[in-house]
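Inspection log for the structure reproduced underneath, given as structure tokens.
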Amino acid sequence: MMGANSMKEKCGVYGIYNNGDVAMGSTAYLALFSMQHRGQDGAGVASTDGKTVRYHKELGLVSEVFDEQILKQFDKQKIAVGHVRYGNGHQAHESLCVEPIVLHSRDGFLAICHNGNIINSAALSQSLRDRGVLLHSGVDSEILLHLIARRMEVGLEQAIVGMMQVVHGSYALTIMSRDKVVGVRDPYGIRPLCLGKLGNSYMLASESCAFDAVGGTFIRDVQPGEIVTIDAEGVHSTFGKSESEKLCVFEYVYYARADSLMGGVGVYGARYRAGQLLAKCCPVEADMVAGVPESALPSAIGYADASGIPYGQALLKNPYVGRTFIQPSQAAREKSVSLKLTPLAETVRGKRIVLVDDSIVRGTTTIKLVESLRRAGAKEVHMRISSPPVCFPCHFGINTPNPNQLIGNKMQIEDLRKLLGADTLEYLDLEMLKQSVYDENGNGPKGLCTACFDGDYPVDLKLRKQGC
250 MMGANSMKEK
260 CGVYGIYNNG
270 DVAMGSTAYL
280 ALFSMQHRGQ
290 DGAGVASTDG
300 KTVRYHKELG
310 LVSEVFDEQI
320 LKQFDKQKIA
330 VGHVRYGNGH
340 QAHESLCVEP
350 IVLHSRDGFL
360 AICHNGNIIN
370 SAALSQSLRD
380 RGVLLHSGVD
390 SEILLHLIAR
400 RMEVGLEQAI
410 VGMMQVVHGS
420 YALTIMSRDK
430 VVGVRDPYGI
440 RPLCLGKLGN
450 SYMLASESCA
460 FDAVGGTFIR
470 DVQPGEIVTI
480 DAEGVHSTFG
490 KSESEKLCVF
500 EYVYYARADS
510 LMGGVGVYGA
520 RYRAGQLLAK
530 CCPVEADMVA
540 GVPESALPSA
550 IGYADASGIP
560 YGQALLKNPY
570 VGRTFIQPSQ
580 AAREKSVSLK
590 LTPLAETVRG
600 KRIVLVDDSI
610 VRGTTTIKLV
620 ESLRRAGAKE
630 VHMRISSPPV
640 CFPCHFGINT
650 PNPNQLIGNK
660 MQIEDLRKLL
670 GADTLEYLDL
680 EMLKQSVYDE
690 NGNGPKGLCT
700 ACFDGDYPVD
710 LKLRKQGC
């Protein structure tokens, strides 16, 4: 669980080409609802019948943005794209930034949904303005949309290839035109995107849980640098620009839903294996192992199974409080933490507790959790973290704090233990985290981005100054 001490979540994208057997409104709703964990600031859907485009987007949760009447307007549409958004810390409450972004031009229309971060967006934005382009929202998605639209004379797919040559950073995109939906993954595959099927219709989504939510099936991951087109003729694939895969390892640590498949492996299994390895490298005598809901629970179960210490519930989660890390201010996040998680005194009183969490970023949430367990009567609290210390900011779609606020960057582990008030504190090391991602048959992504742990960025940050 990441709270007031956390990195902020990424976004979720969705796309579908309806071959006549899909209720488009309810399908979009359920797919986006299943990916609500990827962003809670805003949601939207754009669709077309092949002639005109209609869209609805607002700030808020999926359940707040859409009602039955709105969803019915999409039901007879042919193509749709959708998005759930998190704020970047500066634009969290600006309605212009909610996606999909729709652009009308003399060539028709395009709608785009984006998960990721373009590191040279400022330079690209200036280049477009120098050419007379008026940008309204300030989000990367709008920049990408204009870069594609300016090349449409060669066709959508080749326009995307041209965009990929000048854009640096991370992106998983769903793009809609009047006759097709296209999924695009950046050359390193930093952000996830997958292909699925619902009846005779094909879908795209950030996570496979979206397919499960609508009764569909997962087909495969979109590959790094791949452009997947879905139209009346079926599914087609081409490649724009591809490098060695560097899928964000934090998808496995925290971001992805536990029931999703990603990089050829289940997210739950990766977290469970991380907990097993954590127990082997960081043992302690205790009476109970507990996890911080929700993302740390598989690791806690893995720790308990490998250590032989009974697993139990130490913290009760209030399901009516939103994910604390998405709150737009530090004060709101801290208040939300105490509302969201409360200790179960009945289970922790007089016991030595191993509390497993997925990460510590700023540390303020962990301090509150340790304090609350001690007030509930825990005899000892041993913190075990199923990932290494976060020491470097992310430039590829996660709104990490200033490097000076990253507690792993400025404190030794023993000093941090004292600050947290824990009896012991230990982390899973990076090599073991990497090992946990791959299953017993060696299935998993071809490579991982671990920059937040080791500073090894897959994209040269010097490219931030490159325009078009």
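Counting in this note's numbering, the sequence shown runs from 250 upward without gaps.
C-beta: ideal position from N, C-alpha, C; glycine also.
Review point. With a CB to CB cut of under 6 Å and the five nearest residues on each side skipped, what residues in its chain are close to residue 269?
Key: Cβ within range, chain order: n/a, list empty.
Point to revise | Best match in 295, 368 and 288 for proximity to residue 277 [C-alpha to C-alpha] | key: Checked all of 295, 368 and 288; the closest Cα to residue 277 is 295.
Review point. Quick one, which of 483, 490 and 427 has its alpha-carbon nearest residue 739's?
Key: As shown, the chain starts at 250 and ends at 717. That puts residue 739 outside it, with no answer to give.
**Study point:** Continuous alpha helix (DSSP H) assignments of at least 4 residues falling wholly in the stretch 369 to 414
**Key:** Counting whole runs of 4 or more residues, the stretch 369 to 414 contains the alpha helix (DSSP H) stretches 370 to 379 and 389 to 398.
Point to revise | Burial state of residue 301, where buried means 16 or more other Cβ atoms lie within 10 Å | key: Its Cβ having fewer than 16 others within 10 Å, residue 301 is exposed.
Practice item. Identify the continuous beta strand (DSSP E) that holds residue 358 and give its terminal residues. Key: Start and end: 357 to 367.
Check your understanding: Is it a yes or a no for the stretch 442 to 457 touching the stretch 404 to 418, going by three-plus beta-carbon pairs under 8 Å?
Key -> Taking a contact to require three or more Cβ pairs closer than 8 Å, the stretch 442 to 457 and the stretch 404 to 418 do not qualify as touching.
Review point. What residues in its chain sit with their C-beta under 7 Å from that of residue 671, if we drop five residues either side in the sequence?
Key: Residues of the same chain with a CB within less than 7 Å of the CB of residue 671, apart from the 5 flanking positions on each side, are 619, 630, 631 and 632 in chain order.
Check your understanding: Do the stretch 467 to 476 and the stretch 680 to 687 touch if we need at least three Cβ pairs shorter than 8 Å?
Key -> Under the 8 Å Cβ criterion, the stretch 467 to 476 does not count as touching the stretch 680 to 687, having fewer than three qualifying pairs.
Check your understanding: Roughly how many whole angstroms lie between the Cα atoms of residue 436 and residue 656?
Key -> Across the structure, residue 436 and residue 656 are spaced so that their CA atoms are roughly 31 Å apart.
Check your understanding: So, using beta-carbon positions, are residue 516 and residue 528 closer together than 8 Å?
Key -> Result no, Cβ atoms of residue 516 and residue 528 do not sit closer than 8 Å.
Practice item. Please check the pair residue 590 and residue 564, which I expect to be a contact at CB under 8 Å, by giving their CB distance rounded to whole angstroms. Key: Yes, they are in contact, since the Cβ atoms of residue 590 and residue 564 sit about 5 Å apart, within 8 Å.
Exercise for review: Could you tell me if residue 667 is buried or exposed, where buried requires 16 or more neighbouring beta carbons within 10 angstroms of its beta carbon?
Suggested key: Its Cβ having fewer than 16 others within 10 Å, residue 667 is exposed.
Practice item. For the stretch 452 to 500, list the beta strand (DSSP E) runs that are entirely contained and at least 3 residues long, ordered along the chain. Key: Whole beta strand (DSSP E) segments, 3+ residues: 466 to 470, 475 to 480 and 483 to 488.
Review point. Would you say the stretch 531 to 543 touches the stretch 459 to 474, given that touching needs at least three Cβ pairs under 8 Å?
Key: The stretch 531 to 543 vs the stretch 459 to 474: no contact.
Review point. Given residue 388, which residues of its chain have a CB within under 6 Å of its CB, disregarding the five upstream and five downstream residues?
Key: Shown here for residue 388: same chain residues with a beta carbon closer than 6 Å to its own, the five before and five after excluded, namely 346 in chain order.
Exercise for review: Pull up the DSSP beta-bridge partners for residue 437, would you.
Suggested key: DSSP lists no partner for residue 437.
Practice item. Would you decide whether residue 370 is buried or exposed? Buried here means 16 or more other CB atoms lie within 10 Å of its CB. Key: Buried: at least 16 other Cβ atoms inside 10 Å.
Point to revise | Start-to-end residues for the beta strand (DSSP E) that takes in residue 609 | key: Segment: none, residue 609 is in no beta strand (DSSP E) and carries neither H nor E.
Exercise for review: Taking only the alpha-carbon atoms, compute the straight-line gap between residue 265 and residue 432 and give it to the nearest angstrom.
Suggested key: Residue 265 and residue 432 have their C-alpha atoms some 10 Å from each other.
Exercise for review: Quick one: grab the DSSP three-state call for residue 644.
Suggested key: If DSSP states are grouped into helix, strand and coil, residue 644 belongs with coil.
Practice item. State the start and end residues of the unbroken alpha helix (DSSP H) segment that holds residue 522. Key: Residue 522 -> alpha helix (DSSP H) spans 516 to 530.
Check your understanding: Would you call the CB atoms of residue 493 and residue 695 closer than 8 Å?
Key -> Inclusion of residue 493 and residue 695 in the CB contact set at 8 Å is warranted, their separation being smaller than that value.
**Study point:** Boundaries of the alpha helix (DSSP H) in which residue 620 is found, first to last residue
**Key:** In this chain, the alpha helix (DSSP H) harbouring residue 620 covers 613 to 624.
Review point. Roughly how far, in whole angstroms, is the beta-carbon of residue 645 from the beta-carbon of residue 419, given that I think they are within contact range, below 8 Å?
Key: The C-beta distance from residue 645 to residue 419 rounds to 4 Å, short enough to meet the 8 Å contact threshold.
Exercise for review: Consult DSSP for residue 680 and reduce its assignment to one of helix, strand or coil.
Suggested key: It is helical.
Review point. What are the boundary residues of the beta strand (DSSP E) that residue 328 is part of?
Key: DSSP places residue 328 inside the beta strand (DSSP E), whose first and last residues are 328 to 334.
Practice item. Determine the closest residue to residue 262 out of 460, 411 and 405, with distance taken between C-alpha atoms. Key: Among 460, 411 and 405, the Cα nearest to that of residue 262 belongs to 460.
Practice item. Report yes if the CB atom of residue 330 is closer than 8 Å to the CB atom of residue 360, and no otherwise. Key: With contacts defined by Cβ atoms closer than 8 Å, residue 330 and residue 360 form a contacting pair.
Review point. Taking 7 Å as the line, does the beta carbon of residue 453 fall inside it for any heavy atom of the ligand ADP?
Key: With respect to the ligand ADP, the structure shown offers nothing to examine, as it has no ligands at all.
**Study point:** Endpoints, beta strand (DSSP E) assigned at residue 291
**Key:** 291 to 297 is the span of the beta strand (DSSP E), which, as asked, contains residue 291.
**Study point:** Per-residue DSSP class, three states only, for residue 446
**Key:** Assignment of residue 446 by DSSP, reduced to helix, strand and coil, places it in the strand class.
Point to revise | DSSP-derived helix/strand/coil call for residue 544 | key: When secondary structure is reduced to three states using DSSP, residue 544 falls in the coil class, being assigned neither helix nor strand.
Point to revise | residue 601 (DSSP reduced to helix, strand or coil) | key: Three-state DSSP puts residue 601 in a strand.
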